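Colleague:
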Amino acid sequence: MAYRQKISQDTTTSIPGGVPTIGKVISLIKQQINNQQFDFYELETFEVTKVLVDYEDLPKQKDGHPDYSYYGAVAGRFVINKAQSIKPEDSPQLVRPVDPKIKNYPVVGELVVVGNYNGKSYYWNTLNNFNLVNENSVPGISYIGTGESPPMALTKFGKRFERNGSIRQVKAEEGDLILHGRFGNSINLGSNSNSPVIKIRSGQRTDLQGVIREKDKPEVKSLKNIVNRGGPIPEDINKDKNSIYLSTDKKYTIRNSNDKFSPLEASGNSIIVNSDKLIFNGRNGNVNIRASKNLVLEGDEVFVNATKAENIKLGDPRAKFIPTVNSSELVKIIDGIIKAISDGANAFTTETGAGKTIQALLKLLPDTKNILNKNVKVADPNFKLPDLPKIPEIFEIPEVKLPDIPKPDISNIDVDMEKLETLEKIKNL
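When the letters of the sequence shown are read in order and numbered with the numbering used here, they come out as residues 4 to 432.
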């Protein structure tokens, strides 16, 4: 919000008498010039007292419905020039966010920057009072020097938001672009030794918080000391609660809480997803998992379920599939054969012994139809798959090294700063 602030106060109460001299005239002119000097501020800080993200808080339209054009707007007070109005003056006196797409909502007590554009007031950028990602609130600052007492509501940060002093910003490397959330979540567009990496994290690690213990390793003690004093916290794909890494040139070792499993290593171009639970749901379509080499599925139990009969198939999708053996039915048949042979052997000394054995074996034949398990099928090893067509090689695009663009040399540009300051003062007369 634009405003002017005088640099000095005019304390002149009378014009000096006597014979005017050149010295007196020049002195009087200088005095008047100095008395008219001021600092001009195009933007002003604004203390937030309310953030409109609940429908019931929005101003109402004539039909009684909420005016959603003010969704995300804030109410509050200007810190310096408190007499000014929010534009337009006949509006509900709420300040909208300046960007309709990327919105960084403040909490109560934080300071935002406000400016006027096209006759409307907008806010952006929370002032970094304490360099904390969780909150930077200074409740009641706009009431200082007014003799007024701030309302008790300013002692909170909003309706539901609660301060979490343990949240830290992410440890950065040179050139990183990091988007911090307030709750231990972040997106880091960074690098590993100048190779690109994207780290998406939700749930800050907690192993570096708390008391430094004698048994802690030296590097852990050093990191705990930094974090406990408010310093940044490094990301860790095994210790953050949820992580997605898109890496290009670094080796990561991913561990599992199940001691039966060896650690996994990911290097080169890798996408790593690490959490307590992973759910992939093809809500209305296919889920395809393919590997150029090995595909490994590990777990205490592995379930494969096809809700449609005869649709668990093991083998190349183009193959001809044959049923597997139903083990329970096979056991029944084998048991029956063994019993029939045993009974037949005992009765073989009688005239009807051989006949009884044959009769018992014949009774087993109708049951052999159940030996096949048509729900689980495997590729027929006798079926010859057609050869895949050869894919033509794609020519390699030559690497082109772009030339370095030299920085302009401004060392020989002569600028008379004294002249510029004089001209600026004359313009402001």
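For glycine and all other residues, C-beta sits at the position ideal for the given N, C-alpha and C. Here the structure is a predicted model, which is why all the values come from computation and not from measurement.
1) Measure the alpha-carbon distance for Lys244 versus Phe264 and round it to whole angstroms.
2) So, do the stretch 42 to 60 and the stretch 107 to 125 have three or more beta carbon pairs nearer to each other than 8 Å?
3) Which one of Pro95, Tyr120 and Gly75 has the shortest CA to CA distance from Pro103?
4) Between which residues of its own chain and Ser188 is the CB-CB distance below 6 Å, once the five residues before and five after are set aside?
5) Could you tell me the alpha carbon to alpha carbon distance between Gly122 and Gly67, rounded to whole angstroms?
6) CA-CA distance, Gly213 and Pro62?
7) Out of Asn376, Asp57 and Tyr108, which has the shortest C-alpha to C-alpha gap to Phe324?
8) Please classify Glu165: does DSSP put it in a helix, a strand, or coil?
9) Please report the straight-line C-alpha distance between Asn139 and Ile190, rounded to a whole angstrom.
10) Span of the alpha helix (DSSP H) holding Glu47?
11) For Ile275, which three-state DSSP category applies?
12) Check whether the Cβ atoms of Tyr248 and Lys202 sit closer than 7 Å, and answer yes or no.
13) Between Ser88, Val136 and Asp179, which lies nearest to Arg185 when the distance is taken from Cα to Cα?
14) Using DSSP with H/G/I as helix, E/B as strand and the rest coil, what is Val292?
15) Could you check what DSSP says for Leu333 in three-state terms: helix, strand or coil?
16) Give the DSSP bridge partners of Leu114, in chain order.
17) Strictly by DSSP, which residues pair up with Thr256?
18) Could you check how far apart the C-beta atoms of Gly285 and Ala382 are, in whole angstroms? I think they sit under 8 Å.
19) Just confirm the distance between the C-beta atoms of Pro292 and Ile275, as a whole number of angstroms; I'd bet it's less than 8 Å.
20) Is Lys159 closer than 7 Å to Pro235 when the C-beta atoms are compared?
21) Report yes if the C-beta of Asn277 is less than 6 Å from at least one heavy atom of the ligand NAD; otherwise report no.
22) Using beta-carbon positions only, say whether Ser270 and Val200 come within less than 7 Å of one another.
23) Please say whether Ile315 and Val307 have beta carbons closer to each other than 7 Å?
24) Kindly list the residues whose CB is nearer than 6 Å to the CB of Gly193, restricted to its own chain and excluding five residues on each side of it in sequence; keep chain order.
25) Taking the beta carbon of Val299 as the centre, do at least 16 other beta carbons fall within 10 Å, making it buried, or is it exposed?
26) Output yes or no for whether 7 Å exceeds the beta carbon distance between Asn195 and Lys253.
27) Select from Ile336, Ile105 and Glu238 the residue whose C-alpha is nearest the C-alpha of Thr209.
28) Apart from the five residues just before and just after Arg99, which ones in its own chain have a Cβ nearer than 6 Å to its Cβ?
29) Please report the Cβ distance between Gly143 and Val54, rounded to the nearest whole angstrom; I am assuming they are in contact, meaning their Cβ atoms lie under 8 Å.
30) Have a look at Thr149 and Asn132 and give me their C-alpha separation to the nearest angstrom.
31) Look at the Cβ atom of Leu333, then the Cβ atom of Ile282, and state whether they are nearer than 7 Å.
32) Report the CB separation of Thr52 from Ala78 in whole angstroms; it is logged as a contact under 8 Å.
33) Roughly how many angstroms separate the alpha carbons of Met155 and Arg163, rounded to a whole number?
34) Going by the beta-carbon positions, is the gap between Glu313 and Asn385 smaller than 7 Å?
35) How would you write the range of the alpha helix (DSSP H) that Leu226 sits in, first residue to last?
Modeller: Walking through what the data contain:
1) Locating residue 244 in the sequence shown gives position 241, where the first residue counts as 1. Locating residue 264 in the sequence shown gives position 261, where the first residue counts as 1. Cα-Cα distance, rounded: 20 Å.
2) yes
3) Numbered from its first residue, the sequence shown carries residue 103 at position 100. Ranking Pro95, Tyr120 and Gly75 by Cα distance to Pro103 puts Gly75 first.
4) The residue you call residue 188 lines up with position 185 of the sequence shown. The sequence given here places Asn at residue 188; Ser does not occur at that position. Result list for Asn188: Ser205, in chain order.
5) Your numbering for residue 122 matches position 119 in the sequence shown. Your numbering for residue 67 matches position 64 in the sequence shown. Their Cα atoms are separated by approximately 26 Å.
6) Here residue 213 refers to the residue found at position 210 of the sequence shown. Here residue 62 refers to the residue found at position 59 of the sequence shown. Whole-angstrom Cα-Cα distance: 45 Å.
7) In the sequence shown, residue 324 corresponds to position 321, counting from 1. Considering only alpha carbons, the answer is Asn376.
8) The residue labelled residue 165 in the question sits at position 162 within the sequence shown. DSSP places Glu165 in coil when its eight states are reduced to three.
9) Counting from one through the sequence shown, the residue named residue 139 turns up at place 136. Counting from one through the sequence shown, the residue named residue 190 turns up at place 187. Distance between the alpha carbons of Asn139 and Ile190: 20 Å.
10) The residue given as residue 47 occupies position 44 in the sequence shown. That residue, Glu47, is in no alpha helix (DSSP H); its beta strand (DSSP E) goes Glu47 to Val54.
11) On the sequence shown, residue 275 is found 272 positions in, with the first residue counted as 1. The answer is strand: DSSP assigns Ile275 an E or B state.
12) The count along the sequence shown starts at 1 and reaches residue 248 at position 245. The count along the sequence shown starts at 1 and reaches residue 202 at position 199. Judged by their CB atoms, Tyr248 and Lys202 are nearer to each other than the 7 Å cut-off.
13) Numbered from 1 along the sequence shown, position 182 holds the residue referred to as residue 185. Of Ser88, Val136 and Asp179, the residue nearest in Cα terms is Val136.
14) Within the sequence shown, residue 292 is the residue found at index 289, counting from 1. Here the sequence assigns Ile to residue 292, which means Val is not the residue at that position. It is coil, neither helix nor strand.
15) For this step, residue 333 is matched to residue 330 along the sequence shown. Looking at Leu333 - three-state DSSP - the assignment turns out to be helix.
16) Within the sequence shown, numbered from 1, the residue matching residue 114 stands at position 111. Leu114 is bridged to Glu50.
17) Taking the first residue of the sequence shown as position 1, residue 256 is located at position 253. Answer by DSSP bridge pairing, in chain order: Glu268.
18) Position 282 of the sequence shown holds residue 285. Position 379 of the sequence shown holds residue 382. No, Gly285 and Ala382 are not in contact; Cβ-Cβ is about 24 Å, not under 8 Å.
19) For the purposes of this step, residue 292 is identified with residue 289 of the sequence shown, where counting begins at 1. For the purposes of this step, residue 275 is identified with residue 272 of the sequence shown, where counting begins at 1. Before going on, a small fix: residue 292 reads as Ile here, not Pro. So it is not a contact: roughly 15 Å between Cβ atoms.
20) For the purposes of this step, residue 235 is taken as residue 232 along the sequence shown, with counting starting at 1. For the purposes of this step, residue 159 is taken as residue 156 along the sequence shown, with counting starting at 1. Cβ distance not < 7 Å, so Pro235 and Lys159 don't count as in contact.
21) Although the ligand NAD was asked about, the structure shown includes no ligands whatsoever.
22) Walking along the sequence shown from the start, residue 270 turns up at place 267. Walking along the sequence shown from the start, residue 200 turns up at place 197. Taking 7 Å as the Cβ cut-off, Ser270 and Val200 do not qualify as a contacting pair.
23) One-based indexing of the sequence shown puts residue 307 at position 304. One-based indexing of the sequence shown puts residue 315 at position 312. Contact: yes.
24) Counted from its first residue, the sequence shown places residue 193 at position 190. So the qualifying residues of the chain are Glu176, Asp179 and Val200.
25) Numbered from 1 along the sequence shown, position 296 holds the residue referred to as residue 299. Exposed, since its Cβ has fewer than 16 Cβ neighbours within 10 Å.
26) The residue given as residue 195 occupies position 192 in the sequence shown. The residue given as residue 253 occupies position 250 in the sequence shown. Yes, they are a contact pair.
27) What you label residue 209 is simply residue 206 of the sequence shown in a count that begins at 1. Distances from the alpha-carbon of Thr209 to those of Ile336, Ile105 and Glu238 put Glu238 closest.
28) Residue mapping note: residue 99 aligns to position 96 of the sequence shown, counting from 1. Once the five neighbours on either side are set aside, the close Cβ partners of Arg99 are Ala76 and Tyr125.
29) The residue given as residue 143 occupies position 140 in the sequence shown. The residue given as residue 54 occupies position 51 in the sequence shown. Not really, about 17 Å apart at Cβ, beyond 8 Å.
30) Counting from one through the sequence shown, the residue named residue 149 turns up at place 146. Counting from one through the sequence shown, the residue named residue 132 turns up at place 129. The alpha-carbon atoms of Thr149 and Asn132 are separated by roughly 22 Å.
31) Here residue 333 refers to the residue found at position 330 when the sequence shown is read from its first residue. Here residue 282 refers to the residue found at position 279 when the sequence shown is read from its first residue. Taking 7 Å as the cut-off, the Cβ atoms of Leu333 and Ile282 do not count as close.
32) To locate residue 52, count along the sequence shown from 1; it is residue 49. To locate residue 78, count along the sequence shown from 1; it is residue 75. With a Cβ gap of about 5 Å, Thr52 and Ala78 count as contacting.
33) The residue labelled residue 155 in the question sits at position 152 within the sequence shown. The residue labelled residue 163 in the question sits at position 160 within the sequence shown. Near 16 Å, if we compare the C-alpha coordinates of Arg163 and Met155.
34) Within the sequence shown, numbered from 1, the residue matching residue 313 stands at position 310. Within the sequence shown, numbered from 1, the residue matching residue 385 stands at position 382. Result no, Cβ atoms of Glu313 and Asn385 do not sit closer than 7 Å.
35) Numbered from 1 along the sequence shown, position 223 holds the residue referred to as residue 226. Judged by DSSP secondary structure, Leu226 falls within the alpha helix (DSSP H) whose first and last residues are Pro221 to Asn231.
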